[in-house]
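Heads up: the structure comes next, in structure tokens.
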Amino acid sequence: MGILNDFRAALAFFTRLPVGRVAMDSFKDTANYLPAVGLVIGALVALSIAFSALFLPPLLCGMIGCVVWIAVTGGLHLDGVADCGDGLGIESDAARRLEIMKDSRLGTFGAIALFCVLLCKVATLTSILEGLSWRQDMVSDVASLWHIFLLCAFSAMSGRALVLVAMYFPRARPDGLGASMRYDASIRHRIYAILPLVFVCLLLGWKGLGVLLGVLLLGMLIVKIACQRLGGVTGDVFGCLIEMGECAALLFFCLR
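The sequence shown begins at 50 in our numbering and counts up by one.
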């Protein structure tokens, strides 16, 4: 598969964007484009926020941004948050935790985790908007538009970059999505994977680098907990990493 087809395959699997039918031999090649997929998602979220800010207050704009975030991804990674909340939140052995995570029913801990993630996104997007000279001069102030685009894009990209790191850890199950996503790509493909994230990070300067380091530390903590409690990582852990990485990035950007 060529670069364009691999990227389309990544968009087809990790989003609900209408990119047409594509052949997808394995997840290895599509995983290389996870940060680039995050760039597309962040751009769409930023556009929805910018448009809604012309008519609505920051809180409603933050809610719309969160809804668009969910709609573009189809809530794919939120399922991982709920399953990890249910499985990692109980005191039991690894086999029982994995069994609970495989169950499609939503438990108390999973519901709490979902609520906290969604609340965090709405609150942080609202806070970021309130920190800008938004409705007064948004149309003329290109810097405000560019700023919200960079923050949304970087948050979506950094969360997905955590999956590339987590792929090097043992799998808790021999089957499933987590087991199928092996990361044995060439050096060239690894450069393709991280280049968009590095570029946006450079645009954000030292603060972007600090946020990226904070997101990586949080991601490693989640992976360590998963390895201790599950014996490795799973597809649900990957989804949880993406959502938690996004939330962490947005939170760090809100620090004064």
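No residue lacks a Cβ here, since even glycine has one placed at the ideal position from N, Cα and C.
These numbers come from a predicted model, not from an experiment.
Alpha carbon to alpha carbon, how far is Ala131 from Phe203? Give it in angstroms, no decimals.
Locating residue 203 in the sequence shown gives position 154, counting from the first residue. Locating residue 131 in the sequence shown gives position 82, counting from the first residue. Roughly 24 Å between the two C-alpha positions.
Which ranges does the alpha helix (DSSP H) cover as unbroken runs of at least 4 residues, wholly within the segment 93–154, from first to last along the chain?
If we require 4 residues or more, the alpha helix (DSSP H) runs fully inside the segment 93–154 come out as 107–122, 125–137, 143–151.
Rounding to the nearest angstrom, what Cα-Cα distance links Ala59 and Leu105 in this structure?
In the sequence shown, the residue the question calls residue 59 occupies position 10. In the sequence shown, the residue the question calls residue 105 occupies position 56. Rounded to the nearest angstrom, the two C-alpha atoms are 33 Å apart.
Starting from Phe56, trace the alpha helix (DSSP H) in both directions and tell me its first and last residue.
Your numbering for residue 56 matches position 7 in the sequence shown. Per DSSP, Phe56 belongs to the alpha helix (DSSP H) from 52–63.
Cβ neighbour criterion (16 or more within 10 Å) applied to Pro67:
The sequence position of residue 67 within the sequence shown is 18, counting from 1. So Pro67 counts as exposed.
Proximity below 8 Å, CB of Asp142 to CB of Gly288:
To locate residue 142, count along the sequence shown from 1; it is residue 93. To locate residue 288, count along the sequence shown from 1; it is residue 239. Not a contact, by the Cβ cut-off of 8 Å.
Pull up the distance between the alpha-carbon of Ile113 and that of Asp152, whole angstroms please.
For the purposes of this step, residue 113 is taken as the residue at position 64 of the sequence shown. For the purposes of this step, residue 152 is taken as the residue at position 103 of the sequence shown. Cα to Cα, Ile113 sits roughly 30 Å from Asp152.
Three-state secondary structure (DSSP) of Val282
The residue labelled residue 282 in the question sits at position 233 within the sequence shown. It is a strand residue.
Count the other CB atoms, across all protein chains shown, that sit within 10 Å of the CB of Leu261; report buried if there are 16 or more and exposed otherwise.
In the sequence shown, counting from the first residue as 1, residue 261 sits at position 212. Flag for Leu261 reads buried.
Whole-angstrom Cβ separation of Ala206 and Gly91, contact assumed at under 8 Å?
Along the sequence shown, read from residue 1 onward, the residue named residue 206 stands at position 157. Along the sequence shown, read from residue 1 onward, the residue named residue 91 stands at position 42. According to the sequence displayed, residue 206 carries Met and not Ala. Yes, Met206 and Gly91 are in contact; Cβ-Cβ is about 7 Å, under 8 Å.
Judging by CA-CA distance, which residue of Trp195, Ile177, Ala61, Ala215 is the nearest neighbour of Ile269?
Against the sequence shown, residue 269 aligns to sequence position 220. The amino acid occupying residue 269 in the given sequence is Met; Ile does not appear at that position. Cα-wise, what sits closest to Met269 is Ala215.
May I ask you to list the residues that DSSP assigns as paired with Arg220?
Translated into positions along the sequence shown, residue 220 becomes position 171. Answer is Val282.
So, using beta-carbon positions, are Asp135 and Gly111 closer together than 8 Å?
Here residue 135 refers to the residue found at position 86 of the sequence shown. Here residue 111 refers to the residue found at position 62 of the sequence shown. No, the pair does not count as a contact, with Cβ atoms beyond the cut-off.
Can you give the Cα-Cα distance for Arg305 and Ile177, rounded to whole angstroms?
Position 256 of the sequence shown, counting from 1, holds the residue named residue 305. Position 128 of the sequence shown, counting from 1, holds the residue named residue 177. The alpha-carbon atoms of Arg305 and Ile177 are separated by roughly 11 Å.
In the structure shown, what three-state DSSP assignment does Val12 receive?
In the structure displayed, the chain extends from 50 to 305; residue 12 sits before or after that span and is not available.
Should Arg209 and Thr283 be called a contact, given that it needs their Cβ atoms to be closer than 8 Å?
Residue numbering aside, residue 209 sits at position 160 when the sequence shown is read from its first letter. Residue numbering aside, residue 283 sits at position 234 when the sequence shown is read from its first letter. It is not a contact, given that the beta carbons lie outside the stated cut-off.
Give the straight-line distance between the Cα atoms of Val188 and Cys115, rounded to the nearest whole angstrom.
Taking the first residue of the sequence shown as position 1, residue 188 is located at position 139. Taking the first residue of the sequence shown as position 1, residue 115 is located at position 66. Confidence at Val188 is low in this model, with a pLDDT of 49, below 50, so its placement is unreliable and the value that follows should be read with caution. When only Cα atoms are considered, Val188 and Cys115 end up about 22 Å apart.
Which residues in the same chain have their Cβ closer than 6 Å to the Cβ of Ala95, if we skip the five residues on either side of it in sequence?
Counting from one through the sequence shown, the residue named residue 95 turns up at place 46. When the five nearest sequence neighbours on each side are left out, the beta carbons in the same chain lying within less than 6 Å of the beta carbon of Ala95 are those of Ile197, Phe198, Cys201, in order along the chain.
Kindly indicate the opening and closing residues of the alpha helix (DSSP H) around Gly311.
Here the chain comprises residues numbered 50 to 305, so residue 311 is not present and cannot be evaluated.
Can you give the beta carbon distance from Gly281 to Pro219, rounded, assuming they're within the 8 Å contact cut?
The residue you call residue 281 lines up with position 232 of the sequence shown. The residue you call residue 219 lines up with position 170 of the sequence shown. The beta-carbon separation of Gly281 and Pro219, rounded to 4 Å, stays under the 8 Å limit for a contact.
What number of angstroms, rounded off, separates the C-alpha of Gln277 from the C-alpha of Pro107?
Within the sequence shown, numbered from 1, the residue matching residue 277 stands at position 228. Within the sequence shown, numbered from 1, the residue matching residue 107 stands at position 58. Looking at the two C-alpha atoms, the distance is approximately 41 Å.
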